[in-house]
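For the sequence shown, the residue numbers in my numbering are 4 to 540.
For every residue, glycine included, the Cβ atom is placed at its ideal position computed from N, Cα and C.
If you're wondering where the values come from, they're calculated on a predicted model, not measured in any experiment.
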Amino acid sequence: MNESYDYIVVGAGSAGSVLARRLSDDPAVRVCLIEAGGSDASPRVQVPAGTITLYKSRRFSWNYESAPQTRLNGRRLHCPRGKALGGSASMNSMIYIRGFASDYERWAAAGCAGWGWQDVLPYFRRSEGNRLGQDPALHGQDGPLWVDRPRDPNPVSRWFVEAGRRLGLPVNTDFNGPSALGVGVYDLTQRDGQRLSSYRAFVAPVRDRANLTVLTDVEVDQLWMDGTTVKGVQLQAPEGGAARRLQAQREVILCAGAIGSPHLLLRSGIGPRAQLEAAGVPVRVDLPGVGQNLQDHLDGLVTVRSRSPLTLGFSLGSAWQVLSAPLRYLFNRKGWLSTNYVEAGGFARTPLSDGEPDVQFHFVPGYRSHRGRLFEWGHGYAIHTCVLRPRSRGELRLDAQGRLALDYNFLSDPQDARVLIEGMRLARKILADPVFDGIRGPEMLPGPQVQSDEDFLANVRAHAATVFHPAGTCKMGVDPMAVVAPDLRVHGVRGLRVADASIMPVLVSGNTNAPCIMIGEKAADLIHAAWGRAATA
Ligand SMILES: Cc1cc2nc3c(=O)[nH]c(=O)nc-3n(C[C@H](O)[C@H](O)[C@H](O)COP(=O)(O)OP(=O)(O)OC[C@H]3O[C@@H](n4cnc5c(N)ncnc54)[C@H](O)[C@@H]3O)c2cc1C
4 MNESYDYIVV GAGSAGSVLA RRLSDDPAVR VCLIEAGGSD ASPRVQVPAG
54 TITLYKSRRF SWNYESAPQT RLNGRRLHCP RGKALGGSAS MNSMIYIRGF
104 ASDYERWAAA GCAGWGWQDV LPYFRRSEGN RLGQDPALHG QDGPLWVDRP
154 RDPNPVSRWF VEAGRRLGLP VNTDFNGPSA LGVGVYDLTQ RDGQRLSSYR
204 AFVAPVRDRA NLTVLTDVEV DQLWMDGTTV KGVQLQAPEG GAARRLQAQR
254 EVILCAGAIG SPHLLLRSGI GPRAQLEAAG VPVRVDLPGV GQNLQDHLDG
304 LVTVRSRSPL TLGFSLGSAW QVLSAPLRYL FNRKGWLSTN YVEAGGFART
354 PLSDGEPDVQ FHFVPGYRSH RGRLFEWGHG YAIHTCVLRP RSRGELRLDA
404 QGRLALDYNF LSDPQDARVL IEGMRLARKI LADPVFDGIR GPEMLPGPQV
454 QSDEDFLANV RAHAATVFHP AGTCKMGVDP MAVVAPDLRV HGVRGLRVAD
504 ASIMPVLVSG NTNAPCIMIG EKAADLIHAA WGRAATA
């Protein structure tokens, strides 16, 4: 016999966790939240510094790899995505940024009625439990998602802020305030110095609700459909076993992320007809936009070596800091283990800007980058600079063998390279400030020999990567390439919505966790409104 629920939410990540919580606030409905990954109860997830052990973890990450990037010297880029309760917010850097008001105005102008800034602001506020005394007109005080500052920021992170100020950038104490321009210490989704994913904030406190079932280590294989109506989901069959089906009396909502959701649609026969036919997947709904419109923030590095054990890193000089870190963290949540690495950063305008900041900085008080490396020997500091509103568009598709192919198509629009190069020049100027003189070693990337546009472009091709914000692959809208309508219902399909990073028609100007949480909040209200329940407070 099939198990039956009112709502099935696929994916317990940033958006899915919020949605499952809000839907199950109504005791009259039964909600099933399905997560392919397992528990998040590991110090690697809960202790902020554990984040560097997760990107390439086989247990916690899906570890996708892109197709060779033609304009990045044919390199394949690593694309980590969280695979555990909490999803990508169980491995992310915890920075709390909403994007610009103008991003959401662009969504509304592109046909997404109800998604302008004033429409989405209440949802940002509803989710947030701001610990910083920031403007209550913009910030929620009582929501489950704590927003706090790093417990023990590295002194060199503060030097970055000072260097940015001396370059003429304002010091910004609220990047989610009226203007994001400037440099500062980032606000984080942490509670008492521990990571706070939306699973931890929204679902964990109500997990014993009788009307909420949370399944872990269970992967949805495809949608269970009758014609163009979704009846439920089919789970991946255990080896040698039969596939299990779960029925949704009302709706299935895909919250499997910007890679997982379109992949699931394609596997279920919802996508571009020619692609599905070539991959041997029976076509249920010809929906040409599925997997298209892939966007991400391309990122260039300026990095400087140092001998100073003030910065994070392993050396004889830092041995005491490293060895004492577990005790310091245990007793007062301070010290080396409390860092999220990307403690400071900001938003700046390059000479190519249209008036709004067009690049974002992520400052790391450690050598080179934390990306995927468990141990970095030695010390240093670095600025990651990313293009905030990339013009390049990639795609995610099934190849002829039915395998997932992920092509960012980075730098297909040459303007992205121009903006990135100007941003990296700004980053280099910040790091050249005398405030760093006492600890400065040689610039490693892009390296002092890199000066002209051509030099920079060659460096970008050789080293640029992403800051892990894929979005847009089930875009919301009303044009022929839109996958979901502004109420998040999938065009041409009954009983199915998508609510996660994939629905962004245009990538927001900043980190994507808070926007996904907002999407989960708004999805809950859209669903409650459709089925006749008033909005939750
Ligand atoms: C390394 C890293 C650092 C980042 N740093 C930041 C940061 O500091 N600040 C910030 O704002 N953003 C950051 N991000 C981005 C941000 O975390 C994500 O954009 C956001 O969490 C995406 O939310 P989502 O709901 O779309 O998907 P996810 O949170 O990825 O959730 C999708 C969930 O669906 C599950 N799933 C997928 N397929 C299936 C299936 N078939 N069956 C069942 N379950 C399935 C997955 O396992 C996952 O748990 C970072 C991301 C990464 C990877």
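Give me the residue from 218, 431, 84 with the minimum Cα distance to residue 66. Looking up residue 66 in the sequence shown gives position 63. Among 218, 431, 84, the Cα nearest to that of residue 66 belongs to 84.
Examine ligand 1 and report whether any of its heavy atoms sits within less than 6 Å of the Cβ of residue 484. In the sequence shown, counting from the first residue as 1, residue 484 sits at position 481. Residue 484: no, Cβ never under 6 Å from ligand 1.
Could you have a look at residue 133 and say whether DSSP puts it in helix, strand or coil? For the purposes of this step, residue 133 is identified with residue 130 of the sequence shown, where counting begins at 1. In this structure, residue 133 counts as strand in the three-state DSSP scheme.
Ordered along the chain, which non-local residues of its own chain (more than five positions away) have a Cβ less than 7 Å from that of residue 489? Here residue 489 is taken as the residue at index 486 of the sequence shown, counted from 1. If we look at residue 489 and ignore the five residues flanking it on each side, its Cβ neighbours are 115, 116, 117, 118, 479.
With DSSP collapsed to three states, give me the class of residue 503. The residue you call residue 503 lines up with position 500 of the sequence shown. Three-state result, residue 503: coil.
How about residue 17: is its Cβ closer than 6 Å to a heavy atom in ligand 1? Within the sequence shown, the letter at position 14 stands for residue 17. The answer is yes for residue 17.
Would the beta-carbon of residue 478 be found less than 6 Å away from any heavy atom of ligand 1? Locating residue 478 in the sequence shown gives position 475, where the first residue counts as 1. Because no heavy atom of ligand 1 lies under 6 Å away, the Cβ of residue 478 does not count as near it: no.
Per-residue burial, residue 276 [other beta carbons within 10 Å of its own, 16 or more giving buried]: Locating residue 276 in the sequence shown gives position 273, where the first residue counts as 1. Flag for residue 276 reads exposed.
With DSSP as the reference, label residue 149 as helix, strand or coil. On the sequence shown, residue 149 is found 146 positions in, with the first residue counted as 1. In this structure, residue 149 counts as strand in the three-state DSSP scheme.
Rounded separation between residue 189 and residue 167 - CA only: The residue labelled residue 189 in the question sits at position 186 within the sequence shown. The residue labelled residue 167 in the question sits at position 164 within the sequence shown. C-alpha separation (whole angstroms): 14 Å.
Between the C-alpha atoms of residue 210 and residue 424, what's the straight-line distance to the nearest angstrom? Numbered from 1 along the sequence shown, position 207 holds the residue referred to as residue 210. Numbered from 1 along the sequence shown, position 421 holds the residue referred to as residue 424. When rounded, the distance between both Cα atoms is 47 Å.
Straight-line CA distance for residue 252 to residue 37? The residue you call residue 252 lines up with position 249 of the sequence shown. The residue you call residue 37 lines up with position 34 of the sequence shown. Spanning the two alpha carbons is a distance of roughly 16 Å.
Mind checking whether the beta-carbon of residue 514 lies closer than 6 Å to any heavy atom of ligand 3? This structure does not include ligand 3; its bound ligands are ligand 1.
Is the beta carbon of residue 265 within less than 6 Å of some heavy atom of ligand 1? Start at 1 with the first residue of the sequence shown, and residue 265 comes out as number 262. Result no, Cβ not under 6 Å from ligand 1.
Candidates 81, 368, 318, 343: closest to residue 381 by CA position: In the sequence shown, residue 381 corresponds to position 378, counting from 1. That would be 318, whose Cα lies nearest to the Cα of residue 381.
Count the other C-beta atoms from every protein chain shown that fall within 10 angstroms of the C-beta of residue 205, then say buried if there are 16 or more, exposed otherwise. Your numbering for residue 205 matches position 202 in the sequence shown. Per the 10 Å Cβ criterion, buried.
Are the CB atoms of residue 311 and residue 442 within a distance shorter than 7 Å? Within the sequence shown, the letter at position 439 stands for residue 442. Within the sequence shown, the letter at position 308 stands for residue 311. Going by C-beta atoms, residue 442 is nearer than 7 Å to residue 311.
If you draw a straight line from the alpha carbon of residue 278 to that of residue 453, how long is it in whole angstroms? Start at 1 with the first residue of the sequence shown, and residue 278 comes out as number 275. Start at 1 with the first residue of the sequence shown, and residue 453 comes out as number 450. Going from the Cα of residue 278 to the Cα of residue 453 covers about 42 Å.
Around the C-beta of residue 274, are 16 or more other C-beta atoms found within 10 angstroms, so that it is buried, or is it exposed? Counting from one through the sequence shown, the residue named residue 274 turns up at place 271. Answer is buried; the Cβ neighbour count reaches 16.
Put residue 395 into one of helix, strand or coil per three-state DSSP. The residue you call residue 395 lines up with position 392 of the sequence shown. Of the three classes helix, strand and coil, the one that applies to residue 395 here is coil, per DSSP.
Using only CA atoms, which one of 70, 72, 49 lies nearest to residue 63? Against the sequence shown, residue 63 aligns to sequence position 60. For the residues 70, 72, 49, the minimum Cα distance to residue 63 belongs to 49.
Bridge-paired residues (DSSP) for residue 67: The residue you call residue 67 lines up with position 64 of the sequence shown. DSSP output for residue 67 lists 82 as bridge partner(s).
What is the C-beta distance between residue 470 and residue 302, in whole angstroms, given that I count them as a contact (C-beta under 8 Å)? Here residue 470 refers to the residue found at position 467 when the sequence shown is read from its first residue. Here residue 302 refers to the residue found at position 299 when the sequence shown is read from its first residue. The pair is a contact, with the Cβ atoms about 5 Å apart (cut-off 8 Å).
Give the straight-line distance between the Cα atoms of residue 405 and residue 428, rounded to the nearest whole angstrom. In the sequence shown, residue 405 corresponds to position 402, counting from 1. In the sequence shown, residue 428 corresponds to position 425, counting from 1. Distance between the alpha carbons of residue 405 and residue 428 is about 42 Å.
With a Cβ-Cβ cutoff of 7 Å, do residue 222 and residue 239 count as a contact? Sequence index remark: in the sequence shown, residue 222 carries index 219 (1-based). Sequence index remark: in the sequence shown, residue 239 carries index 236 (1-based). It is a contact, given that the beta carbons lie within the stated cut-off.
Taking 6 Å as the line, does the beta carbon of residue 2 fall inside it for any heavy atom of ligand 1? Outside the displayed span of the chain (4 to 540) sits residue 2, for which this structure offers no information.
CB-CB under 6 Å to residue 202, same chain, minus the five flanking residues each way: which ones, in chain order? Indexing the sequence shown from 1 puts residue 202 at position 199. Hits under 6 Å: 15, 20, 88, 89.
Under the assumption that residue 460 contacts residue 420 (Cβ atoms under 8 Å), give the Cβ distance between them as a whole number of angstroms. Residue 460 sits at position 457 when you count from the first residue of the sequence shown. Residue 420 sits at position 417 when you count from the first residue of the sequence shown. The pair is a contact, with the Cβ atoms about 6 Å apart (cut-off 8 Å).
By Cβ distance, which residues of its chain are closer than 6 Å to residue 558, with the 5 residues on each side in sequence left out? The chain is shown only over 4 to 540; residue 558 falls outside these bounds and no answer can be derived.
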